[in-house]
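Undergrad: Here you go, one structure.
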Amino acid sequence: MNKIINIAIIAHVDSGKSTLVDAMLKQSGVFRENEEVLEQVMDSNDLERERGITIYSKNCSIKYKDLKINIVDTPGHADFSSEVERIIKTVDTVILLVDSSEGPMPQTRVVLEKALEVGIKPILFINKIDKKDARIKEVVDMSFDLFLSLEATDEQLDFPIFFGVAKTGIAKKSMDDESNNLNPLFEYLYNKVEPFKGNEKDPLQIQISSLAYDDYLGLLTIGRISKGIIKQGETVVLCNKDYCKNYKISKLFINEGIKKVEVKEAQYGDIVIVAGISEASIGDTICSIDNIDPMEKIMIEEPTLSVNFLVNSSPFVGRSGKFLTIRHIKDRLEKEIKTNVGLRIEPLSKNEGYKVSGKGELHISILLETMRREGYELSVSKPEVILKEKDGILYEPFERVYITVLDTYSGTIIGALNERKGLLQTIQSNGEYAKIEYIAPTRGLLGYRNIFINSTRGEGTMFRSFLEYRPYVGNITSRKNGVLVSMENGKTMGYSLWNLGDRGTLCVGPSEEVYVGMIIGINNRMEDLNVNPNKNKQLTNTRSSSSDDAIVLPPKKIFTLEEALDFIEDDELIEITPTAIRLRKKELDPKNRYRKN
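With numbering that gives the first Met the number 0 applied, the sequence shown covers 0 to 596.
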């Protein structure tokens, strides 16, 4: 039988995971010499390419000598940690990437903890050793301290270390090594990582770790064969907590390079893609018909944030979207939760929409952006943290926050986070940059992203990761600026917008259609202000000079979905369509708004 190992590449976002996979694919001969290959070849989703992050874990494979190595590229962002949680159990080892200058980051801790919990002995790869500010020895020590703090076993603490540059495909056993390729890493995987052991005569057992859809084959179930052999055409049993059902395997695929290749059978240890099972969920078990033995369900951390998905009720409804009704939204969300295991949905009262719970704003905004591109129109509310009650005490989620800013901005950042009930843990400065660590309630961090960007003039970095639930800390200061709200329907006029420029920052330009209750700008003051952006300059018999006509407007503020989710308050909604993202008041009529307030 074939020798097979499965490895996952785990790290904080932007550490070079997908880049290392690229190098491994190229050096193992997956691509022809004349074949044109994109960078981050595994990040095939449009949103992944645009944002430069991995959102969905994906499989590929390489051959080294007589060893098949299945590689899983995992997301690095904390909001997609559920993707990592379910993949860890399908691999034999993990390569933990750590940046040579940044050291272990928040998500490094999260993903490493998952690997150590299931008994995996990781391989540490110090990446980007060619950086000018690399501090390799210090980063190795920091990584060892991280292993210790996560209570790694003695065997796990004896982890191998490689030094390299994923971008140029170099891995070294020591800094003095002259290696100019990844062979030292390949040799370690070949000689030291134990191939998956099994017996072809054992009864079949596969736990589903991922799902996909094919226009012709329908639902595809993906998982590692824990026992036995699976064959195309055989009848198997799918088991979950509620029932067991027989299915016939219509097609069977494995990964060869980045391609899906049809096979007649596959053995224990390999990752397979199975067609023919019409209904399945992640964590279900595919068993032999003669020996039904379901595996323990995969446990995923619960969501910490929820957003209401509502039918779009604005005057512009239906102008650009194809899917508008509550039924459309329901069908799309039910399809999503089959593959997006970190997501939860529940209907709202009066059939007005659905409460969607996830790991963070990015997790939910990626779903919204995907739906928008598919032709959906909907409105969404301000995100709310998910509170828990235990023994009569209310608890809320807290996060670790890691910030790097210029020294001159550190005082502003500390003041803002203290206002939001944050607790300062550490602050380190090298004279130019300050590294600040906080523990803060998730509630206090909602809406802080925009403030942080403005406070640091875009020159700071902020990373967050879920820590734990702690007792509720009371009221937290919300947004300090009111909004400018249109009190008329129609097209905006440059003259009106120019006059409104002193009132605040506009998020519409001239000749844009607006409606009553639509938010057209951010007020400089705390209160909301109803304005008329459609009023034109009154004509007179007096000839005006040419300078009067030369109206110059500042650039308008354009909200991304994450920024919009951060920005809105309880009485506001985001209107999402395929062609626009608009902010609006829940109650459009200004008189009704006044009565309610």
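Where is the CB? At the ideal position from N, CA and C, for every residue including glycine. Keep in mind the model is a prediction, meaning the values are calculated, not measured.
1. Could you check where the beta strand (DSSP E) with R463 kicks off and where it finishes?
2. By DSSP, does E264 sit in helix, in strand, or in coil?
3. Based on Cα-Cα distance, which residue from L251, M294, L181, K258 lies nearest to S225?
4. Output needed for N180: all residues of its chain with C-beta closer than 8 Å, excluding positions within five of it in sequence on either side, in chain order.
5. In this structure, what does DSSP give as the bridge partners for M517?
6. Less than 8 Å separating the beta-carbons of D140 and S100?
7. Under three-state DSSP, which class holds D98?
8. Near F162, which residues of its chain fall below 6 Å by C-beta distance, leaving aside the five closest residues on each side in sequence?
9. Compare the C-alpha of N417 against each of E586, Y447, T303, D390 and name the closest.
10. Using DSSP bridges, identify the partner residues of S148.
11. In angstroms with no decimal places, state the Cα-to-Cα distance between N350 and G421.
12. Give the range of the beta strand (DSSP E) segment to which L123 is assigned.
13. Measuring alpha carbon to alpha carbon, tell me which of P194, Y267, A211 ends up nearest K200.
14. At 4 residues or longer, and completely inside the stretch 546 to 580: list those alpha helix (DSSP H) runs for me, N to C.
15. How far does the alpha helix (DSSP H) with N498 in it extend, from its first residue to its last?
16. Taking buried to mean at least 16 other C-beta atoms within 10 Å of its own C-beta, is L37 buried or exposed?
17. To the nearest whole angstrom, what separates the beta carbons of L309 and L377, a pair I think is in contact under 8 Å?
18. Between L203 and V235, which are expected to be in contact by the criterion C-beta below 8 Å, what is the C-beta distance as a whole number of angstroms?
19. Are the Cβ atoms of G282 and I270 separated by less than 8 Å?
20. With distance defined between alpha-carbon atoms, name the residue in I205, N449, Y215, G443 nearest to N480.
21. Taking the DSSP output, what are the residues bridged to T89?
22. May I have a chain-ordered list of the alpha helix (DSSP H) segments no shorter than 4 residues that lie completely inside the stretch 147 to 228?
23. Whole-angstrom Cβ separation of R469 and E395, contact assumed at under 8 Å?
24. With DSSP collapsed to three states, give me the class of N591.
25. What do you reckon, are the CB atoms on E568 and S485 nearer than 8 Å?
26. Within its chain, find whatever has a CB closer than 6 Å to the CB of E597; leave out the 5 residues flanking it on each side and keep chain order.
27. Please classify I9 as buried or exposed, where buried requires at least 16 other C-beta atoms within 10 Å of its C-beta.
28. Report the rounded CA-to-CA distance for I257 versus S60, giving the unit in angstroms.
29. Can you list, in chain order, the residues of its chain whose CB lies under 8 Å from that of V355, leaving out five sequence neighbours each side?
30. Please go through the stretch 388 to 468 and give each complete beta strand (DSSP E) segment of 3 or more residues, from N-terminal end onward.
31. How is R108 classed by DSSP in three states: helix, strand or coil?
32. Does DSSP put T504 in a helix, in a strand, or in coil?
33. Going by DSSP in three states, L323 sits in which element: helix, strand or coil?
34. Which term fits E278, buried or exposed, when burial requires 16 or more other beta carbons within 10 angstroms of its beta carbon?
35. Just how far apart, CA to CA, sit Q424 and P554?
36. Between K624 and the rest of its own chain, which residues show a CB-CB distance below 6 Å, the 5 nearest in sequence each way excluded?
TA: Looking at the atomic coordinates:
1. Sequence index remark: in the sequence shown, residue 463 carries index 464 (1-based). That run of the beta strand (DSSP E) goes 460 to 470.
2. The sequence position of residue 264 within the sequence shown is 265, counting from 1. Correct three-state label for E264: strand.
3. Numbered from its first residue, the sequence shown carries residue 225 at position 226. Nearest C-alpha to S225: M294.
4. As a working note, residue 180 is residue 181 in the sequence shown. Within the same chain, N180 has close Cβ partners Q26, G168, I169, A170.
5. Here residue 517 refers to the residue found at position 518 when the sequence shown is read from its first residue. R583, per the DSSP bridge assignment.
6. As a first step, residue 140 is located in the sequence shown; it is residue number 141 there, counting from the start. As a first step, residue 100 is located in the sequence shown; it is residue number 101 there, counting from the start. Taking 8 Å as the Cβ cut-off, D140 and S100 do not qualify as a contacting pair.
7. By one-based count along the sequence shown, residue 98 stands at place 99. Residue state, collapsed to three classes: strand.
8. Counting from 1 along the sequence shown, the entry for residue 162 is found at position 163. So the qualifying residues of the chain are I125, I128, K171, M174.
9. Residue 417 sits at position 418 when you count from the first residue of the sequence shown. Comparing Cα-Cα distances from N417 to each of E586, Y447, T303, D390, the minimum goes to Y447.
10. Position 149 of the sequence shown, counted from the first residue, corresponds to residue 148. S148 pairs with nothing; no bridge assigned.
11. Stepping through the sequence shown from its first residue, residue 350 is reached at position 351. Stepping through the sequence shown from its first residue, residue 421 is reached at position 422. Using only the alpha carbons, I get a separation of about 38 Å.
12. As a first step, residue 123 is located in the sequence shown; it is residue number 124 there, counting from the start. First-last of the beta strand (DSSP E) with L123: 122 to 126.
13. Numbered from its first residue, the sequence shown carries residue 200 at position 201. Minimum Cα distance to K200 is reached at Y267.
14. 560 to 566
15. Translated into the one-based positions of the sequence shown, residue 498 becomes position 499. Counting along the chain, the alpha helix (DSSP H) containing N498 begins and ends at 493 to 499.
16. Looking up residue 37 in the sequence shown gives position 38. Residue confidence is low: L37 scores 47 on pLDDT, short of 50, so the model does not pin down where it sits. Its coordinate-derived value is still stated next. It counts as exposed.
17. Against the sequence shown, residue 309 aligns to sequence position 310. Against the sequence shown, residue 377 aligns to sequence position 378. The Cβ separation is near 6 Å, so the contact holds.
18. Numbered from its first residue, the sequence shown carries residue 203 at position 204. Numbered from its first residue, the sequence shown carries residue 235 at position 236. Right, their Cβ atoms sit about 6 Å apart.
19. Looking up residue 282 in the sequence shown gives position 283. Looking up residue 270 in the sequence shown gives position 271. Going by C-beta atoms, G282 is not nearer than 8 Å to I270.
20. As a first step, residue 480 is located in the sequence shown; it is residue number 481 there, counting from the start. Measuring from the Cα of N480, the nearest candidate turns out to be N449.
21. Reading the sequence shown from its first residue, position 90 is the one you call residue 89. Paired residue(s): none; T89 is not in a bridge.
22. 153 to 156, 182 to 191
23. If you number the sequence shown from 1, residue 469 lands on position 470. If you number the sequence shown from 1, residue 395 lands on position 396. The Cβ separation is near 7 Å, so the contact holds.
24. As a first step, residue 591 is located in the sequence shown; it is residue number 592 there, counting from the start. DSSP places N591 in helix when its eight states are reduced to three.
25. Along the sequence shown, read from residue 1 onward, the residue named residue 568 stands at position 569. Along the sequence shown, read from residue 1 onward, the residue named residue 485 stands at position 486. Against a cut-off of 8 Å, the Cβ pair of S485 and E568 comes out as no contact.
26. Since the displayed the chain opens at 0 and closes at 596, residue 597 lies outside it and no answer follows.
27. Residue numbering aside, residue 9 sits at position 10 when the sequence shown is read from its first letter. Counting Cβ neighbours within 10 Å, I9 comes out buried, since at least 16 surround it.
28. Within the sequence shown, the letter at position 258 stands for residue 257. Within the sequence shown, the letter at position 61 stands for residue 60. In a straight line, the C-alpha of I257 is about 7 Å away from that of S60.
29. Taking the sequence shown and counting its residues from 1, one reaches residue 355 at position 356. Same-chain partners within the cutoff: S305, V306, N307, F308, L332, L342, R343, I344, I363, L366.
30. 392 to 405, 422 to 428, 432 to 440
31. Counting from 1 along the sequence shown, the entry for residue 108 is found at position 109. Helix at R108.
32. For the purposes of this step, residue 504 is taken as residue 505 along the sequence shown, with counting starting at 1. Strand.
33. One-based indexing of the sequence shown puts residue 323 at position 324. DSSP places L323 in coil when its eight states are reduced to three.
34. Sequence index remark: in the sequence shown, residue 278 carries index 279 (1-based). Looking at its Cβ environment, which holds fewer than 16 other Cβ atoms inside 10 Å, E278 is exposed.
35. Counted from its first residue, the sequence shown places residue 424 at position 425. Counted from its first residue, the sequence shown places residue 554 at position 555. Going by the C-alpha atoms only, they are around 39 Å apart.
36. Residue numbering for the chain in the displayed model covers 0 to 596; residue 624 lies beyond these limits and cannot be assessed.
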